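Notes to accompany the following structure.
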Amino acid sequence: MNATMITKSTSVNRRRLRNLLNKSDNRICADCGAPDPKWASSNIGVFICLKCCDVHRSLGTHISKVLSVTLDEWSNEQIDAMSEVGGNSAANAIYEAYIPEGFSKPGPDAGIEERKRFIRFHFSQI
Numbered sequence: 001m002n003a004t005m006i007t008k009s010t011s012v013n014r015r016r017l018r019n020l021l022n023k024s025d026n027r028i029c030a031d032c033g034a035p036d037p038k039w040a041s042s043n044i045g046v047f048i049c050l051k052c053c054d055v056h057r058s059l060g061t062h063i064s065k066v067l068s069v070t071l072d073e074w075s076n077e078q079i080d081a082m083s084e085v086g087g088n089s090a091a092n093a094i095y096e097a098y099i100p101e102g103f104s105k106p107g108p109d110a111g112i113e114e115r116k117r118f119i120r121f122h123f124s125q126i
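Here the sequence shown is numbered in the UniProt record's numbering, starting from 1 and rising by one per residue.
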């Protein structure tokens with residue numbers, strides 16, 4: 001692949017990723033509801049905020065593969081995987097089905113420990 005093809009591919013992928021991020025349910029963090037997420041877990045298929053991204057990273061890449069929406073280069077396969085999930089709402093419909101009654105989702109202002117507890121439980125079901 002020559003440099004022009006790589007640049008074109010990168011441009012197409014960035015546009016595809018922006019289109020996914022612009023879906024209404026992806027405009028907020030899948031885990032806490034904070035607006036304007038700039039990170040994603042490419043294998044889980046959700047867009048997340050910086051604070052939740054730190055927790056996802058601590059889970060290890062065998063559970064959550066975190067990428068920046070703006071800083072990282074995304075492959076076609078990673079974007080396809082995000083598309084196949086169907087967005088934050090579709091992913092949460094799957095993962096939140098296993099959350100026991102009384103176990104609440106953190107809000108945008110939640111502390112790190114509350115985020116850790118929720119996210120670790122949430123994605124330990126994978």
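Built from N, CA and C at the ideal position, the CB exists for glycine as well. Keep in mind the model is a prediction, meaning the values are calculated, not measured.
Reference residue i, options the options, closest by Cα
i	options	result
isoleucine 99	Ala40, Ser89, His122	His122
valine 46	Ser124, Gly86, Val12	Gly86
Span separating the alpha-carbon of residue i from that of residue j
i	j	result
glutamine 78	glycine 102	34 Å
serine 83	tryptophan 74	13 Å
cysteine 32	lysine 65	18 Å
aspartate 36	arginine 120	22 Å
asparagine 38	serine 58	The amino acid at residue 38 is misidentified as asparagine; the sequence shows lysine. The alpha-carbon atoms of lysine 38 and serine 58 are separated by roughly 18 Å.
serine 104	isoleucine 94	16 Å
arginine 14	histidine 56	22 Å
cysteine 29	threonine 61	19 Å
lysine 116	alanine 81	25 Å
leucine 50	threonine 10	23 Å
Bridge partners - residue i, DSSP secondary structure assignment
i	result
phenylalanine 47	Ala40
Enclosing beta strand (DSSP E) for residue i [first to last residue]
i	result
valine 66	66–68
Within 8 Å, strictly: CB atoms of residue i and residue j
i	j	result
serine 91	isoleucine 48	The residue asked about is misnamed: residue 91 is alanine in this sequence, not serine. Contact flag unset, no.
Extent of the continuous alpha helix (DSSP H) run through residue i
i	result
phenylalanine 118	112–123
aspartate 80	76–85
tyrosine 95	88–95
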